[in-house]
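J.: Residue numbers (the numbering used here): 3 to 435.
Where a beta carbon is used, it is the ideal one built from N, C-alpha and C, also for glycine.
What you are looking at is a predicted structure, and each value in this text was computed from that prediction instead of being measured.
Below is one structure. I have some questions about it.
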Ligand code: SF4
């Protein structure tokens with residue numbers, strides 16, 4: 003099914019809040035929404051109209067496709083030099099619950115994942131105070147050699163900055179980060195996950211994760227990765243000490259960076275722009291390019307880019323911010339819809355089922371999300387209800403959730419290429435078939 007098959011753009015969308023009418027008109031025309039309009043989307047009592055608008059954009063970009071992948075997570079160590087107050091994952095060395103996997107243990111987990119048919123290994127951990135930089139390049143190259151079919155999506159931006167510091171590469175932070183990313187890429191790194199972005203706001207940063215990198219550094223790491231041809235994702239952790247305006251600023255900063263990344267390619271493709279410098283992938287007709295944003299290196303696209311925005315609700319349990327209530331289900335639904343509407347140049351919106359729950363993620367497929375993430379095993383970062391969350395779901399459950407939501411489930415690899423599977427055997431389907 004091409005996205006166009008499923009697109010029947012209505013001439014109007016029913017909204018009960020008059021404040022939404024001009025926004026609905028802009029969405030129907032495929033024009034970019036401003037931060038002020040984003041604030042209206044957060045303020046309106048008609049949250050379901052916001053979801054319908056997001057669903058319209060989602061259908062233009064992806065029809066009723068719902069992506070998932072078969073993946074495994076390896077959190078190689080929870081020992082961390084920092085102590086972010088919202089984080090229930092980290093431990094100090096020797097503290098109860100602290101663990102470190104050595105390279106052989108990580109390799110064995112990778113081989114097991116490959117044998118089980120995973121296409122991706124997602125590798126992240128704490129900022130280990132003593133391990134040398136070479137440990138990380140060795141870890142990647144060992145995985146690559148032992149499990150060559152796995153795409154290695156590894157290290158959040160704060161880990162990359164940590165690696166730059168311990169490697170002592172480049173006096174200038176940016177060049178050092180690029181050098182480190184180059185070494186990691188040469189050792190097998192395939193892309194960057196989107197973690198650790200939190201919310202790009204200095205006040206929230208100083209209150210809840212002081213010591214961790216600020217938003218400008220996070221964006222720099224991803225810019226450097228994109229310049230080296232690596233794709234990446236972006237998260238937004240919300241529902242803690244930030245407010246709705248900060249979330250919108252966060253989305254805007256991502257959107258601007260993506261504009262700059264895609265500008266040359268968009269120019270060459272003749273992509274219509276609502277205003278100077280804006281690259282809007284979703285449009286009102288079949289000619290928009292959202293579903294065929296090429297891989298880096300194809301169609302004149304020289305850089306990597308943000309593939310996916312992943313809004314993550316904050317879970318207060320077992321964190322230093324336990325007294326906070328965390329976001330409600332409707333706030334989660336609204337935020338995923340607003341992410342789809344505001345981030346008009348990021349192709350995919352992920353409802354990360356492990357944090358949203360599979361039931362909510364299923365509802366989000368009608369509110370702008372087109373991706374459920376994957377089967378995931380051993381996800382330790384979030385501790386729901388204070389308990390360890392060694393969680394996993396099956397392909398059957400993911401597909402059933404998508405089908406029940408009226409979607410066509412599609413297995414993808416990390417770079418959103420279609421995967422055809424026979425048990426643990428899989429192959430990438432060529433894009434023209
Ligand atoms: S959020 Fe990351 S950097 Fe902060 S304490 Fe947790 S593991 Fe460490």
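Based on the DSSP secondary-structure assignment, which residues constitute the bridge partners of residue 228?
T.: Partner(s): none; residue 228 has no beta bridge.
J.: Between which two residues does the beta strand (DSSP E) containing residue 214 stretch?
T.: Boundaries cannot be given for residue 214, as no beta strand (DSSP E) includes it and DSSP labels it neither H nor E.
J.: Can you check which of these residues, 42, 108, 339, is closest to residue 146 by C-alpha distance?
T.: Answer by Cα proximity: 108.
J.: Are the CB atoms of residue 422 and residue 431 nearer to each other than 7 Å?
T.: Yes, these two residues count as a Cβ contact at 7 Å.
J.: Looking at the ligand SF4, does it come within less than 6 Å of residue 89, judged from the CB to the closest heavy atom?
T.: yes
J.: How would you call residue 46, buried or exposed, if buried means at least 16 neighbouring beta carbons within 10 angstroms?
T.: Result: buried.
J.: Which runs of the alpha helix (DSSP H) at least 4 residues long sit entirely within the segment 162-216? Give them in chain order.
T.: Taken in chain order, the unbroken stretches of alpha helix (DSSP H) that lie wholly in the segment 162-216 and span 4 residues or more are 175-189, 204-210.
J.: Leaving out five residues before and five after residue 189 in sequence, what residues of the same chain have Cβ atoms less than 6 Å from its Cβ?
T.: Here the set comprises 139, 142, 143.
J.: With residue 424 as the anchor, note down where its beta strand (DSSP E) starts and where it stops.
T.: 421-424
J.: Taking the beta carbon of residue 416 as the centre, do at least 16 other beta carbons fall within 10 Å, making it buried, or is it exposed?
T.: buried
J.: Specify the secondary structure class of residue 376 as computed by DSSP and reduced to three states.
T.: strand
J.: Does the segment 239-253 come within contact of the segment 332-347, defined as at least 3 CB pairs closer than 8 Å?
T.: yes
J.: Would you say the beta carbon of residue 212 is closer than 6 Å to some non-hydrogen atom of the ligand SF4?
T.: no
J.: Would a check of beta-carbon distances place residue 325 closer than 7 Å to chain C?
T.: Absence of chain C from the displayed structure is noted, only one protein chain being present.
J.: Pick from 48, 283, 84, 151: whose alpha carbon is nearest that of residue 19?
T.: 48
J.: Using C-beta distances below 6 Å, list every residue in its chain close to residue 67, excluding the 5 sequence neighbours before and after it, in chain order.
T.: 410, 412, listed in sequence order.
J.: Which residue's Cα is closest to the Cα of residue 99: 80, 113, 105?
T.: The shortest CA-to-CA distance from residue 99 to any of 80, 113, 105 is the one to 80.
J.: Quick check: the Cα distance between residue 61 and residue 370, rounded to an integer number of angstroms?
T.: 8 Å
J.: Based on Cα-Cα distance, which residue from 268, 207, 223 lies nearest to residue 239?
T.: Of the candidates 268, 207, 223, the one whose C-alpha sits nearest the C-alpha of residue 239 is 207.
J.: Alpha carbon to alpha carbon, what distance is there between residue 25 and residue 55?
T.: 9 Å
J.: What is the DSSP secondary structure of residue 398, counted as helix, strand or coil?
T.: DSSP places residue 398 in helix when its eight states are reduced to three.
J.: State buried or exposed for residue 132, treating a residue as buried only when at least 16 other CB atoms are found within 10 Å of its CB.
T.: exposed
J.: Can you find the residues in the same chain that come closer than 8 Å, C-beta to C-beta, to residue 325, ignoring five residues on each side of it along the sequence?
T.: 318
J.: So does residue 84 have its beta carbon nearer than 6 Å to some heavy atom of the ligand SF4?
T.: yes
J.: Which class does residue 18 belong to by DSSP, given the choice of helix, strand or coil?
T.: coil
J.: In the DSSP output, which residue or residues are listed as bridge partners for residue 1?
T.: An answer regarding residue 1 cannot be provided, because it is not within the stretch 3 to 435 covered by the chain.
J.: CA-CA distance, residue 425 and residue 375?
T.: 19 Å
J.: Around the Cβ of residue 194, are there at least 16 other Cβ atoms within 10 angstroms (buried) or fewer (exposed)?
T.: Residue 194 should be labelled buried.
J.: Considering only their Cβ atoms, is the gap separating residue 42 from residue 21 smaller than 7 Å?
T.: yes
J.: Taking all protein chains shown into account, do 16 or more other C-beta atoms lie within 10 angstroms of the C-beta of residue 214, making it buried, or fewer, making it exposed?
T.: Buried, by the Cβ-count rule.
J.: In the DSSP assignment, the alpha helix (DSSP H) including residue 250 goes from what residue to what residue?
T.: Bounds of the alpha helix (DSSP H) holding residue 250 are 246-271.
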